[in-house]
Amino acid sequence: MPELPEVNTFQKYFEGTSLDQRIEAVEVHDAKIIRNLSGSEFIDRLTGRTFVGSYRRGKYLFAKLDNAEHLLLHFGMTGDLNYYAEPQERTKHERFVFHFDNGQHLGFDCPRKFARIQYIEDLAVYLSEIQLGEDALVITEADFVQRATGKTATIKGFLLNQSQVAGVGNLYADEICYQTGIHPGSRVNKLSSQQQSEIYHAMQRILRKAIERSAYYKDYPENWFWEWRKEGAPGPEGKGIVQRTKIAGRTTYFIEGVQVLY
DNA sequence: TGTGATGTTGAATG
DNA sequence: GCATTCAACATCAC
Numbered sequence: 006m007p008e009l010p011e012v013n014t015f016q017k018y019f020e021g022t023s024l025d026q027r028i029e030a031v032e033v034h035d036a037k038i039i040r041n042l043s044g045s046e047f048i049d050r051l052t053g054r055t056f057v058g059s060y061r062r063g064k065y066l067f068a069k070l071d072n073a074e075h076l077l078l079h080f081g082m083t084g085d086l087n088y089y090a091e092p093q094e095r096t097k098h099e100r101f102v103f104h105f106d107n108g109q110h111l112g113f114d115c116p117r118k119f120a121r122i123q124y125i126e127d128l129a130v131y132l133s134e135i136q137l138g139e140d141a142l143v144i145t146e147a148d149f150v151q152r153a154t155g156k157t158a159t160i161k162g163f164l165l166n167q168s169q170v171a172g173v174g175n176l177y178a179d180e181i182c183y184q185t186g187i188h189p190g191s192r193v194n195k196l197s198s199q200q201q202s203e204i205y206h207a208m209q210r211i212l213r214k215a216i217e218r219s220a221y222y223k224d225y226p227e228n229w230f231w232e233w234r235k236e237g238a239p240g241p242e243g244k245g246i247v248q249r250t251k252i253a254g255r256t257t258y259f260i261e262g263v264q265v266l267y
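At position 203 of the first sequence the residue is numbered 208 (my numbering), and the sequence of numbers has no breaks.
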């Protein structure tokens, strides 16, 4: 689930539910996804604190604490937030939960444990240490094109590379390639700067639309790929054939005969 | 029952 | 240095 639009939805959910309530207790069921602290250290650091805001960059969500430090929530493939009142509303794969002083809870659910939770003392320092590109919605066209210039990677690989642009994942990368009529295996340096800027605008348009629909796939426009991601099926309007392959190590769908390989 | 899954990382390879 | 592939992480659903 969690690519940029999904994480944006998590952020809204977090801000709409979990701010300004003192964390009275923290319960850790499985500390595996907490990367830089033990379970008991995690409990010690968070107990008594209050969430006061958040910052999202790409798929990284930083929950801001009242001591100006942050908790990084990276959702991996299956992370999810669950704010609830009654204990029986607890989800099956809850890994830890904050008990707020108003009786509410914020649980972090993650069946596959690919999520990464990290306690960040200094956000600016952390961001300068990791290789994380500018957020896909924030990056300027000039910066995007400049980063693309000369790259020999496939366009799909480039879009997935979080150190170039942060936020695009496997599904949206396919959608961007589809909507620009470009084969996902095309080399970035074979594309004109005009095409690179078309990709930039498609990326922003698609992510914005997805956010507007709260990353709820069923509400996406009918001509998006959700409707046609089936190998061997005819493409939209009967043009071309849906192909499934592997590009940049990820399962990739595109329409043979419609998306041009450069 | 086997296969693959919306993410990231590190090692190995070209 | 750059790009790609693969394995690993752990679990579930088809």
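Glycine residues also receive a C-beta, built at the ideal position from the N, C-alpha and C atoms.
> Shortest alpha-carbon distance to Leu196 belongs to which of Val12, Ile216, Gln151 and Gln109?
Replying inline: Gln151
>> Along the chain, where does the beta strand (DSSP E) containing Val57 start, and where does it finish?
In response: Phe56 to Arg62
>> Going by C-alpha to C-alpha distance, which of Ile260, Ile204, Leu142 and Asp127 sits closest to Phe163?
In response: Nearest C-alpha to Phe163: Ile204.
> How about Leu165 and Ala253: are their beta carbons less than 8 Å apart?
Replying inline: yes
> When the Cβ atoms of the stretch 106 to 126 are set against those of the stretch 76 to 83, are three or more pairs found closer than 8 Å?
Replying inline: Three or more pairs of CB atoms, one per stretch, sit closer than 8 Å, so the stretch 106 to 126 contacts the stretch 76 to 83.
> Taking the alpha helix (DSSP H) that Gly162 falls in, what are its first and last residues?
Replying inline: Ile160 to Leu165
>> For Ala207 and Thr185, which I take to be in contact (beta-carbon distance under 8 Å), what is that distance rounded to the nearest angstrom?
In response: Cβ-Cβ separation between Ala207 and Thr185: approximately 5 Å, consistent with a contact (criterion under 8 Å).
> Expressed to the nearest angstrom, what Euclidean distance is found between the alpha-carbon atoms of Lys118 and Ser43?
Replying inline: 16 Å
>> My output table needs one value for Ile218: the three-state DSSP class, helix, strand or coil.
In response: Note that residue 218 is Arg in the sequence shown, not Ile. Of the three classes helix, strand and coil, the one that applies to Arg218 here is coil, per DSSP.
> Which stretch, first to last residue, makes up the alpha helix (DSSP H) that contains Asp179?
Replying inline: Asn175 to Thr185
> Can you tell me whether Ser59 is buried or exposed, with buried defined as 16 or more other CB within 10 angstroms of its CB?
Replying inline: buried
> Is Lys161 closer than 8 Å to Thr250 when the C-beta atoms are compared?
Replying inline: In this structure, Lys161 does not lie closer than 8 Å to Thr250 by Cβ.
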